[in-house]
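K.L.:
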Amino acid sequence: MLLQGILSVLLIAVVGCQAAPSIDGRVVGGVDATQAQFPHQISLRNSGSHSCGGSILSRYWVLTAAHCVSNTYENGTVVVYPASNLNIRAGTNDRFSGGVLVQVVEIIVHENYGNFLNDLAVMRVETPFIFSENIQPISLPSENTPANADIIISGWGRLSAGGDLPRYLQWNTLTSMTLEACNASIGYGYENMLCLLHPANNGACNGDSGGPAHYNGEVVGIAGFVYGGCGNVYPDGYARVYYFNDWIRAHTDL
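Count the sequence shown with mature numbering (1 follows the signal peptide of the UniProt record, and there is no 0) and you get residues -19 to -1, 1 to 235, in order.
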């Protein structure tokens, strides 16, 4: 059987018709993005259906969440999806059309991924992205993300728990927390996590997983999990990208 979660923490990916972990994960409370507002944002597609978000890092490499590209079994074994199952739509805010479709040919999951930690992966595409106004890479963070900062998230996740996926890319602004405050709120705070606080009826939801959290024009977080369901008052969990800068550079062409 697949790993179903711990406590009431639930992963926030959503996979079309594929066998996948049980998951709870439009950005809730978000608004439509303008064209080219987030030119690094991609839609990761599993057998043709939107499953997760991600961020273009270079002409050949994309950053996403490990749980978006793998299954985890009860014994802790992580099985990575065949790359042939996945492709990427880039260069458009429309989940259904526009931009370009490129095939994924290699997937690298963090070797210490598990228990909602180290939840990141990089993917290499078959043909390079052609950079334009609508397709651009985003930089890794140049400094650790401070607490109490305005953090922008984006994605095609559900508009509410159990609700519909939006057609057009959404974005919202959340607030970064200290690890101590995150731990006090949900009992789960680690230095490689970025906890983002939001009012009720806001935050990440199913389909936002793997997508970026932005600060100062850099990708500082990778959407990982929500606690107790989308849009509640608890903070959402993101992988803190600054913690993984060296790993990302070692496994890509950056």
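Every residue gets a Cβ at the ideal spot worked out from N, C-alpha and C, and that includes glycine.
Leaving out five residues before and five after D145 in sequence, what residues of the same chain have Cβ atoms less than 7 Å from its Cβ?
P.N.:
Around D145: R139.
K.L.:
Could you please give the first and the last residue of the uninterrupted alpha helix (DSSP H) stretch that includes I89?
P.N.:
Run containing I89: none in the alpha helix (DSSP H); it sits in the beta strand (DSSP E), V81 to V90.
K.L.:
Check the DSSP bridge columns for H31 and list the partner residues they point to.
P.N.:
Its beta-bridge partners are R26.
K.L.:
So does the region 38 to 58 actually touch the region 186 to 198, counting three or more Cβ pairs closer than 8 Å?
P.N.:
Short answer: they touch.
K.L.:
Got a sec? Which residues, its chain only, sit under 7 Å from V222 by beta carbon, not counting five neighbours each side?
P.N.:
Only L121, P122, V200, V201, G202 and I203 meet the Cβ criterion.
K.L.:
With DSSP as the reference, label L235 as helix, strand or coil.
P.N.:
Here L235 sits in coil by DSSP.
K.L.:
Look up I37 in the DSSP assignment and give the residues it is bridged to.
P.N.:
According to DSSP, which records beta bridges pairwise, I37 is partnered with V43.
K.L.:
Between N56 and N96, what straight-line distance do the alpha-carbon atoms span, to the nearest angstrom?
P.N.:
If you take the alpha carbons of N56 and N96, they lie about 12 Å apart.
K.L.:
Do you know offhand how far A185's Cα is from H31's?
P.N.:
Those two C-alpha atoms are separated by around 16 Å.
K.L.:
Buried or exposed for V61, please, with buried defined as at least 16 other CB atoms from any protein chain shown within 10 angstroms of its CB.
P.N.:
That one is exposed.
K.L.:
Tell me the residue span of the alpha helix (DSSP H) that contains C163.
P.N.:
Element bounds for C163: L160 to I167.
K.L.:
Relative to the alpha-carbon of Y224, which residue among P109, L25, L98 and G35 has its alpha-carbon at the smallest distance?
P.N.:
Nearest option by C-alpha distance: L98.
K.L.:
Quickly, what does DSSP pair Q151 with across the bridge? List them, please.
P.N.:
In DSSP, Q151 forms a bridge with D13 and G136.
K.L.:
Identify which residue in G11, L25, G168 and V86 has its Cα closest to the Cα of A71.
P.N.:
Measuring from the Cα of A71, the nearest candidate turns out to be L25.
K.L.:
Let me know the secondary structure DSSP gives Y214 once reduced to three states.
P.N.:
A small fix is needed here, since residue 214 is Val in this sequence, not Tyr. Three-state result, V214: coil.
K.L.:
Does the beta carbon of D145 fall short of 7 Å from some heavy atom of the ligand GTP?
P.N.:
Only the bare structure without any ligand can be found here, which leaves the ligand GTP out of the picture.
K.L.:
Helix, strand or coil for Y54, going by three-state DSSP, please let me know.
P.N.:
Reduced to three states, the DSSP call for Y54 is strand.
K.L.:
For the beta strand (DSSP E) holding A71, just list the boundary residues, first then last.
P.N.:
A71 -> beta strand (DSSP E) spans L67 to A71.
K.L.:
To the nearest angstrom, report how far apart A231 and I89 are at their CA atoms.
P.N.:
Approximately 11 Å between the Cα atoms of the pair.
K.L.:
Determine the direct distance from the alpha carbon of T126 to that of I167, and round the result to whole angstroms.
P.N.:
For I167 and T126, the distance between alpha carbons rounds to 20 Å.
K.L.:
Less than 8 Å separating the beta-carbons of G34 and N153?
P.N.:
For G34 and N153, no; Cβs fall outside 8 Å.
K.L.:
Mark Y54 as exposed unless 16 or more other C-beta atoms lie within 10 angstroms of its C-beta, in which case mark it buried.
P.N.:
Per the 10 Å Cβ criterion, exposed.
K.L.:
Between which two residues does the beta strand (DSSP E) carrying I203 extend?
P.N.:
Counting along the chain, the beta strand (DSSP E) containing I203 begins and ends at E199 to Y208.
K.L.:
Could you give the distance in angstroms between the alpha-carbon of D5 and the alpha-carbon of W228?
P.N.:
Note that D5 scores 33 on pLDDT, short of 50, meaning its location in the model is unreliable and no value can be drawn from it.
K.L.:
Would DSSP call residue 236 helix, strand or coil?
P.N.:
A question about residue 236 goes unanswered here, because the residues of the chain that appear run from -19 up to 235.
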